[in-house]
Amino acid sequence: MFSTDFQGYRYSDDPPCTDASNLRKWLNQPSVRQALHIPTHVQDWDICSLDVEIGYKRIYDTMRPQILQLIGSGKLRGLIYNGDVDMACNFLGDEWFANNLGLPVTKEYESWKYNNQVAGFFKSYGPVNFLDSEGFWTYGASR
């Protein structure tokens, strides 16, 4: 779905390779907004916002120090997960990120199963686990 032009550029409401229409419909239902305690004066949810994009200023090139500080507290564990068919949140980049945290590998890359079928793969780095799900995008099933 394309929206109006902005300074001569056509922009899409959804990032490439995604379709947030069902998520958008569900999250913007009055009953869901009420259950989430979202005031009625707050705008509808959307996967992207031109207002946010225009005002966005990158502060960090990586979240590595923040993740390591949180994990280093000893009070938290972490899960980095992706679907293997998600082109917007690609599992390869997150796997690279997990590998570069510098944490010791406590369990090598292996499959995990659901109903005796391979459902994905995981690798453990002590308190942090990397997991990818077969046939999923990051928000749910693709099939």
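Take 14 as the starting number for the sequence shown in the working numbering and just add one per residue. For each residue, glycine too, the CB sits at the ideal point set by N, CA and C. As the structure is a computational prediction, the values presented were derived from the model and not from experiment.
Option in the options with minimal Cα separation from residue i
| i | options | result |
| --- | --- | --- |
| I80 | F104, V65 and L114 | L114 |
| K126 | L144, N112 and F110 | L144 |
| V85 | N112, D74, L116 and G68 | Here the sequence assigns Gly to residue 85, which means Val is not the residue at that position. Closest option to G85, Cα to Cα, is L116. |
| L74 | E121, F110, K120 and A33 | Checking the sequence, you will find Asp at residue 74 rather than Leu. Checking every option, the nearest Cα to that of D74 belongs to F110. |
| A33 | K70, P52, S62 and T53 | S62 |
Exposure of residue i, with buried meaning 16 or more beta-carbon neighbours within 10 Å
| i | result |
| --- | --- |
| I93 | buried |
| Y6 | The structure shown has nothing for residue 6, since the chain only spans 14 to 156. |
| D64 | exposed |
| L49 | exposed |
| D99 | buried |
| S16 | For S16, the predicted structure reports a pLDDT of 49, less than 50, and the residue's modelled location is therefore unreliable. A value from the coordinates is still provided. Per the 10 Å Cβ criterion, exposed. |
| G148 | exposed |
| M14 | Low confidence applies here, because M14 scores a pLDDT of 43, under 50, leaving its location unreliable; read the following figure in that light. Counting Cβ neighbours within 10 Å, M14 comes out exposed, since fewer than 16 surround it. |
Proximity below 8 Å, CB of residue i to CB of residue j
| i | j | result |
| --- | --- | --- |
| R77 | P140 | no |
| F135 | N142 | yes |
| W58 | N35 | no |
| I60 | R46 | no |
| V131 | S124 | yes |
Beta-carbon separation (whole angstroms), residue i vs residue j, contact threshold 8 Å
| i | j | result |
| --- | --- | --- |
| G106 | S146 | Incorrect: roughly 16 Å between the Cβ atoms, too far for contact. |
One or two residues paired with residue i in a DSSP bridge
| i | result |
| --- | --- |
| K136 | F143 |
| I93 | F143 |
| Q42 | DSSP, once it has assigned bridges, lists no residue as partnering Q42. |
| Q130 | Y127 |
| K120 | S137 |
Closer than 7 Å: residue i CB and nearest the ligand NAP heavy atom
| i | result |
| --- | --- |
| N112 | Judged by which ligands are present, the structure shown has none, so any question about the ligand NAP falls away. |
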